[in-house]
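Taking my numbering, the leading residue of the sequence shown gets 35, the next gets one more, and so forth. Below is one structure, written out as structure tokens, with a few remarks after it.
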Amino acid sequence: MYMCECELEVGSGFAVKKTEESEEVKKSIVKLHPATCCSTFANAPGSSAAGAAVQCCHLQPNARCSLVVPADGPRRSFLLLTPMPTKRRGDQLRDCSVSLPLDILWLPKAAMRPIGPPESSHSECVLVVGVSRPKLAALFLSVMLLSLFLTFHILYDSAVYSIQAATAISENKIAILTNHIPNPPVINHPVVFPNRIHFPKTSRRLPQCLIIGVRKCGTRALLEMLYLHPRIQKAAGEIHFFDRDENYLKGLEWYRKKMPHSFRGQITIEKSPSYFVTPEVPERVRAMNATIKLLLIVREPVTRAISDYTQLRSHAATATLPQQQSLSSTSPLSRSFEDLAILPNGTVNEAYRPLAISQYHVHVHRWLEVFSREQLLVVNGDQLIEDPVSQLRRIEDFLGIEPRIGSNNFYFNETKGFYCLRNETGDKCLRETKGRKHPRVDPVVVSKLRKFFVEHNQKFYELVGEDLGWPEE
35 MYMCECELEV GSGFAVKKTE ESEEVKKSIV KLHPATCCST FANAPGSSAA
85 GAAVQCCHLQ PNARCSLVVP ADGPRRSFLL LTPMPTKRRG DQLRDCSVSL
135 PLDILWLPKA AMRPIGPPES SHSECVLVVG VSRPKLAALF LSVMLLSLFL
185 TFHILYDSAV YSIQAATAIS ENKIAILTNH IPNPPVINHP VVFPNRIHFP
235 KTSRRLPQCL IIGVRKCGTR ALLEMLYLHP RIQKAAGEIH FFDRDENYLK
285 GLEWYRKKMP HSFRGQITIE KSPSYFVTPE VPERVRAMNA TIKLLLIVRE
335 PVTRAISDYT QLRSHAATAT LPQQQSLSST SPLSRSFEDL AILPNGTVNE
385 AYRPLAISQY HVHVHRWLEV FSREQLLVVN GDQLIEDPVS QLRRIEDFLG
435 IEPRIGSNNF YFNETKGFYC LRNETGDKCL RETKGRKHPR VDPVVVSKLR
485 KFFVEHNQKF YELVGEDLGW PEE
């Protein structure tokens, strides 16, 4: 019968106790096949590890093993063997360790810390309970951090899709996420959903619709109103991709990355009012998408020009000092609208930019040379202020989406003098610069300008095929 001599070291003081051969040990040895394993039941006085079962693998008769038990008791076991066993002995160790609650590590003896008194240094194996080496601890920590990162990433993605899915369902977007069926039949029985619903991923897509202008006609208000529709996604801010060479040269991929994430079936809209008056923009837009839909919002030309003047002057008044110096008596921004719009000889200053932009037919002609009339919808900005729902119905039909925006989505703000938006998440008004009070303009000048625009407006009506009924004096 092969015997095993074990050394037990307990706590920080390392009290050494040798377990002699006893009847209890003999019985355990017989039970565990002495040619392979030995089992020692050691009671260490003063240690919480008292009575712990210790199992050791041995490949030679009369082998020695050392057991290190921390004062707070065993937590995890490592079987450290030295010297490096041969392949055959290693295989035998693995077979033996299958039945043991131990992790087997082979280390050179030089890598092991001396334990116990010098006479224990001849031990062939060291059984460590609840103690790990620094490199091993670092490895475990790295694996744990990687696992936490992957878990967080998965949970984050799941949360994002859950929020998007919940929003989609709350806004009745189920038709978008599956296959939209126009005029769906009424279902009188309960709807049974499958155990797992797959929601498609979102992606950034180039816009399918552009609000091309006109400046100071309500482009921002129009975009925010359309965003109430669950089928609409909007780009944040004005991208100015087509009208600024430095942006256009960055390419369509740069432009696409500026777009919001959207579900398949949603329409992405971008608005930059300067597109309307920049000559090269129509061809650039067609190069991106020849079937794109265009929204052009216009207002009565004189009112639009006064609003344009008001904004230009307001921006100059709040600019930095070098720009403020331009408000001197010689600066155009220091002059009244009447002085800028009417030349000293009494004729209209057609070159004055606010008036030039209001000559809509000059600019829309370039767009209609590139795109068909069916791709352009003219939105009456004056009616959008007074009755937004009627104009939005036209746009919904133009974009081919179901009518979803109604009077319950608006409330009139008495202070600002126009409608504000309302949905499930709350009320929203445009920023304070919207609804800016216009300066008083001489009625004689207003009448003169309206007469000047009669011919220009008529040309615009003919191009777009509809009469907007703007006043002629």
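Note that the Cβ used here is the ideal one computed from N, Cα and C, for glycine as well. What you are looking at is a predicted structure, and each value in this text was computed from that prediction instead of being measured.
Residue i versus residue j - alpha carbon distance
{"i": "R338", "j": "F371", "result": "12 Å"}
{"i": "V478", "j": "S341", "result": "18 Å"}
{"i": "L426", "j": "D501", "result": "19 Å"}
{"i": "I439", "j": "G271", "result": "22 Å"}
{"i": "E304", "j": "H397", "result": "19 Å"}
{"i": "K327", "j": "Q242", "result": "6 Å"}
{"i": "I419", "j": "H187", "result": "45 Å"}
{"i": "R400", "j": "G503", "result": "23 Å"}
{"i": "F444", "j": "D277", "result": "33 Å"}
{"i": "L136", "j": "T459", "result": "A caution first: L136 carries a pLDDT of 43, below 50, which makes its placement in the model unreliable, though a value can still be read off. Approximately 57 Å, taken between the alpha carbons."}
{"i": "F486", "j": "V404", "result": "28 Å"}
{"i": "L180", "j": "R238", "result": "29 Å"}
{"i": "N442", "j": "D421", "result": "13 Å"}
{"i": "V498", "j": "D191", "result": "47 Å"}
{"i": "L173", "j": "L182", "result": "14 Å"}
{"i": "E507", "j": "G415", "result": "19 Å"}
{"i": "F452", "j": "A255", "result": "10 Å"}
{"i": "T312", "j": "S176", "result": "57 Å"}
{"i": "N491", "j": "D279", "result": "31 Å"}
{"i": "V475", "j": "L346", "result": "16 Å"}
{"i": "L257", "j": "K493", "result": "27 Å"}
{"i": "L402", "j": "L189", "result": "50 Å"}
{"i": "V332", "j": "M259", "result": "16 Å"}
{"i": "Q409", "j": "S306", "result": "17 Å"}
{"i": "R249", "j": "A193", "result": "40 Å"}
DSSP state of residue i mapped onto helix, strand, coil
{"i": "T337", "result": "helix"}
{"i": "K250", "result": "coil"}
{"i": "E430", "result": "helix"}
{"i": "K327", "result": "strand"}
{"i": "V396", "result": "helix"}
{"i": "N182", "result": "Residue 182 is actually Leu in this sequence, not Asn. In this structure, L182 counts as helix in the three-state DSSP scheme."}
{"i": "R521", "result": "For the chain, the structure presents residues 35 to 507; residue 521 sits outside this window and is missing."}
{"i": "V488", "result": "helix"}
{"i": "H295", "result": "strand"}
{"i": "V332", "result": "strand"}
{"i": "N443", "result": "helix"}
{"i": "K235", "result": "coil"}
{"i": "K482", "result": "helix"}
{"i": "D342", "result": "helix"}
{"i": "E304", "result": "strand"}
{"i": "I245", "result": "strand"}
{"i": "V423", "result": "helix"}
{"i": "V475", "result": "coil"}
{"i": "V311", "result": "coil"}
First through last residue of the alpha helix (DSSP H) which encompasses residue i
{"i": "R254", "result": "253-260"}
{"i": "D501", "result": "Here D501 belongs to no alpha helix (DSSP H), and DSSP marks it neither H nor E."}
{"i": "K291", "result": "286-291"}
{"i": "N281", "result": "279-282"}
{"i": "E317", "result": "315-322"}
{"i": "F371", "result": "371-375"}
Same chain, Cβ closer than 7 Å to residue i, neighbours up to 5 away in sequence not counted
{"i": "Y386", "result": "L374, A375"}
{"i": "V480", "result": "V336"}
{"i": "F275", "result": "N281, Y282, Y289"}
{"i": "M322", "result": "L240, L286"}
{"i": "P437", "result": "R427, E430"}
{"i": "N457", "result": "L262, N443"}
{"i": "A390", "result": "E384"}
{"i": "S424", "result": "Q417"}
{"i": "V315", "result": "F276, D277, Y309"}
{"i": "V319", "result": "L244, F276, I326"}
Beta-carbon proximity list for residue i, same chain, < 8 Å, skipping 5 on both sides
{"i": "T236", "result": "Q198, H295, S296, F297"}
{"i": "P505", "result": "E334, R484"}
{"i": "K482", "result": "I376, V382"}
{"i": "C454", "result": "F444, Y445, F446, N447, D461, K462, C463, L464"}
{"i": "E16", "result": "Any property of residue 16 remains undetermined from this structure, which presents the chain solely from 35 to 507."}
Extent of the continuous beta strand (DSSP E) to which residue i belongs
{"i": "Y453", "result": "452-457"}
{"i": "I266", "result": "266-268"}
{"i": "D416", "result": "From DSSP, D416 is part of no beta strand (DSSP E) but of the alpha helix (DSSP H) over 415-420."}
{"i": "I391", "result": "Premise fails: I391 lies in the alpha helix (DSSP H), 387-391, not in any beta strand (DSSP E)."}
{"i": "D461", "result": "460-462"}
Same chain only: Cβ atoms within 6 Å of residue i, ignoring 5 sequence neighbours per side
{"i": "S392", "result": "P335, R338, A339"}
{"i": "Q300", "result": "R265, Q267"}
{"i": "Y495", "result": "D501"}
{"i": "F5", "result": "Beyond the ends of the chain as shown, which are 35 and 507, falls residue 5; an answer cannot be given."}
{"i": "G252", "result": "I331, G415, L418"}
Residue i beta carbon near the ligand FMN (any heavy atom closer than 6 Å)
{"i": "D421", "result": "Looking for the ligand FMN in the displayed structure turns up nothing, as the structure carries no ligands at all."}
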